[in-house]
Amino acid sequence: MGPMTSEHSSPASAERKLAFLGTGSMNGAVLRGIVASGHSPQAINATVRSDQRAETLRTQTGVNVLIASENPEANKLAVAGADIVFLGVKPVGIQDLCLEIKDSLAPDTVVVSVAAAITIEMMAGKLNPGQPIVRAMPNTPLMVGAGAVGLSAGTTVTEEALAEVVELLSGSGIVHVVPESQQNAVSAISGSGPAYAFYLVEAMAKAGTELGLDPALAMDLARATVSGAGKMLADPQADPVAMRKAVTSPNGTTERAIATFDAEGLPQIMKHATAAAAARAAQISSELA
Ligand SMILES: NC(=O)c1ccc[n+]([C@@H]2O[C@H](COP(=O)([O-])OP(=O)(O)OC[C@H]3O[C@@H](n4cnc5c(N)ncnc54)[C@H](OP(=O)(O)O)[C@@H]3O)[C@@H](O)[C@H]2O)c1
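If you read the sequence shown in this note's numbering, its first letter stands for residue 37, the second for the next number, and so on.
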């Protein structure tokens with residue numbers, strides 16, 4: 037399915053009440069993206085465990101932050117009256133969090149989990165029967181409006197509710213609705229993918245120093261290059277194959293580098309790395325089921 041637009045969603049959705057439970061790197065990125073695209077921070081409750089994280093979040097976003105380590109009721113209080121609840125604790129904590137909040141949710145509150153490997157069925161087993169559940173696989177570039185999200189909806193999620201979640205997220209990135217069976221693959225490509233791009237920068241910078249550049253200069257060049265290439269790719273019409281060919285002159289320098297990547301098996305390495313990530317997600321699912 038292609039990227040969804042939000043044309044069917046309610047115009048009142050900007051004032052919908054949201055709760056973010058476990059607002060660390062990922063849920064924090066989702067929250068920042070939603071606030072940056074115009075959702076009122078006064079309509080958002082968030083929870084974290086420690087007070088350091090709480091203070092930063094409060095100052096940066098203006099949302100109401102509750103601290104779970106100080107207030108055992110924090111998660112329950114945060115979801116009271118919420119229309120949509122985003123769960124962002126580590127995968128191992130998602131099912132306990134579902135049990136913790138289930139009696140504080142309205143029957144039509146949509147529960148969206150951003151956790152890798154936790155299936156809709158696993159969450160449904162810990163929530164009240166019929167609770168609408170959406171499984172999301174976002175990524176951290178959502179915080180700069182350039183994220184990618186795969187969404188799968190449980191059977192009790194209405195089209196309107198799904199459109200609303202799509203609308204909230206599409207202010208800060210592309211959103212695709214995918215069958216749940218593809219979520220581990222989405223996780224391996226776009227969920228973990230920002231780390232691959234950062235790792236590429238590290239490797240390019242290290243290679244630059246081996247070619248004699250000052251480490252700081254090598255890092256600056258590598259970072260600006262990957263970031264600039266990323267900006268060029270942000271246009272949905274951009275074709276990375278054509279763009280690569282355009283900067284690869286026959287018998288030139290870039291051609292030598294690409295030939296070396298091919299000869300040393302970069303496509304195979306990518307295949308193995310993403311397969312390992314997807315397999316780990318499947319393994320975590322079975323460990324936590
Ligand atoms: N990181 C990614 O790029 C990425 C991508 C896709 C999906 N995910 C998913 O996102 C989820 C979180 O990963 P993360 O990297 O964002 O981890 P993280 O930064 O450690 O975030 C987890 C947050 O949960 C808070 N927390 C823990 N227990 C809590 C509780 N009982 N009540 C309220 N808050 C609690 C922690 O608070 P303190 O900070 O105060 O301890 C922390 O802020 C995972 O399920 C992961 O699969 C992550």
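Every residue gets a Cβ at the ideal spot worked out from N, C-alpha and C, and that includes glycine.
In this text the structure is predicted, and so the values were computed from the model without any measurement.
The beta-carbon separation of R68 and T97, rounded to 6 Å, stays under the 8 Å limit for a contact. Note on the region 165 to 238: whole beta strand (DSSP E) runs with a minimum of 3 residues are 169 to 173, 183 to 189 and 209 to 213, in chain order.
Contact annotation: the region 96 to 115 touches the region 81 to 88, with at least three C-beta pairs closer than 8 Å. By the Cβ rule, the region 140 to 147 counts as touching the region 159 to 179, because three or more pairs are nearer than 8 Å. Within the region 45 to 113, the runs of beta strand (DSSP E) that reach at least 3 residues and sit entirely inside it are, in chain order, 54 to 57, 80 to 84 and 100 to 103. Nearest C-alpha to R316 among Q88, Q304 and A152: A152.
Three or more Cβ pairs drawn from the region 54 to 63 and the region 117 to 131 lie within less than 8 Å of each other, which places the two stretches in contact. In this structure, A189 is the residue among A189, P230 and L247 with its C-alpha nearest to the C-alpha of T155. For S86, the Cβ falls inside the 8 Å cut-off from some heavy atom of ligand 1.
Our two residues, M159 and S217, have alpha carbons roughly 16 Å apart in a direct line. F122 is bridged by DSSP to F56 and V148. In the structure shown, the three-state DSSP call for A116 is coil. The DSSP-derived three-state label of T289 is helix. With contact defined as three or more Cβ pairs closer than 8 Å, the region 226 to 240 and the region 257 to 268 are in contact.
The shortest CA-to-CA distance from L163 to any of T176, V148 and A172 is the one to V148.
The alpha-carbon of G209 is positioned some 11 Å away from that of P272. In this structure, N220 has its CB at a distance of at least 8 Å from all heavy atoms of ligand 1. The closest heavy atom of ligand 1 lies less than 8 Å from the beta carbon of T83. When the Cα atoms are used, V214 and S76 turn out to be separated by approximately 29 Å. Taking C-beta separations shorter than 8 Å and ignoring five residues to either side along the sequence, N287 has no partners in its chain. A distance below 8 Å between beta-carbons, with the five flanking residues on each side excluded, links P127 to the following residues of its chain, in chain order: A151, A152, A153, I154, I320 and L324. Straight across, the Cα-Cα distance linking A118 with N111 is about 11 Å.
Per DSSP, P251 is one residue of the alpha helix (DSSP H) stretching across P251 to L269.
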